[in-house]
Amino acid sequence: MGKERLTLLKYLAAGAALALALCAAAPTGASTLSLTTAYAVDPLTGAALEGYDAVSYFTESAPLTGRPEFEYYWSGVPWYFATAANRDVFIKSPETYVPMFGGYAAMSMARGYLSTGNPRIYAILAGRLFLFYSSGNKDAFLISPRDAYQRAQEEWAVLSKDAGF
Numbered sequence: 225m226g227k228e229r230l231t232l233l234k235y236l237a238a239g240a241a242l243a244l245a246l247c248a249a250a251p252t253g254a255s256t257l258s259l260t261t262a263y264a265v266d267p268l269t270g271a272a273l274e275g276y277d278a279v280s281y282f283t284e285s286a287p288l289t290g291r292p293e294f295e296y297y298w299s300g301v302p303w304y305f306a307t308a309a310n311r312d313v314f315i316k317s318p319e320t321y322v323p324m325f326g327g328y329a330a331m332s333m334a335r336g337y338l339s340t341g342n343p344r345i346y347a348i349l350a351g352r353l354f355l356f357y358s359s360g361n362k363d364a365f366l367i368s369p370r371d372a373y374q375r376a377q378e379e380w381a382v383l384s385k386d387a388g389f
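Residue numbering for the sequence shown follows this note's numbering, starting at 225 and increasing by one per position.
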């Protein structure tokens, strides 16, 4: 097999393992993944995802830059979209598109500290958007996504409370 095919298979296996872990870890009747009301935002614009279109992560091969004319405020944060159609899709189901851990870096969270996730370094796992601080952090998370996710969930409960979210 070629290197690209092995890499793709590795990411698919990691995603499948995380999906199984998330389903197994959820109590009966509970939502598998929780959301937060605190979101990492661009320090210059205040926009979530540094202005990238949250819906485009799921519909395009790479995230699209949002435009201020397609802005929508959700959870007290402005979210930008590339098109009015994407904005309307988000309005109907924002929880589907917002990043886990409020856009903070998933592997950093698993290691016990808050760092803003880079919206250009991401993974879609179990139908959810995860951001990472660096490519190295993303690779580390994907080695054992189930364990990393569980540690991140535990740390998020403590860190978000300590940060006042």
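Using N, Cα and C, we set each Cβ at its ideal position, and we do this for glycine too. Predicted, not measured: the structure shown is a model, and the values here were computed from it.
Item	Value
Cβ-based burial, Ser332 [other Cβ within 10 Å; buried from 16]	buried
Completely contained beta strand (DSSP E) runs for the stretch 312-361, where each covers 3 or more residues	342-349, 352-356
Residue environment, Lys362, which counts as buried when at least 16 other CB atoms sit within 10 Å	buried
Tyr263: first and last residue of the uninterrupted alpha helix (DSSP H) it sits in	No alpha helix (DSSP H) holds Tyr263; DSSP gives it neither H nor E.
Backbone CA spacing between Asn342 and Ala329 [nearest angstrom]	7 Å
Distance between Trp303 and Tyr297 (C-alpha atoms, nearest Å)	6 Å
Straight-line gap, Ser368 to Asp386 (C-alpha atoms, nearest Å)	27 Å
Local conformation of Val279 per DSSP, three classes	coil
Alpha helix (DSSP H) segment containing Pro369, residue limits	369-386
Given Gln374 as reference, the closest of Gly360, Ser358, Met324 once Cα atoms are compared	Met324
C-alpha gap between Gly270 and Val301, whole angstroms	7 Å
Collapsed DSSP secondary structure at Ala286 in the structure displayed	coil
Reference Phe354; option with closest CA among Ala308, Pro292, Gly326	Gly326
Buried/exposed call for Ala309, threshold 16 Cβ in 10 Å	exposed
Buried or exposed (CB count within 10 angstroms, at least 16 for buried), Ala250	Only weak support exists for where Ala250 lies, its pLDDT of 40 falling under 50; the coordinates are left without a value.
CB of Tyr321 within 8 Å of CB of Ala262, strictly	no
Residue interval of the beta strand (DSSP E) (run including Pro267)	Element bounds for Pro267: n/a, residue is neither H nor E.
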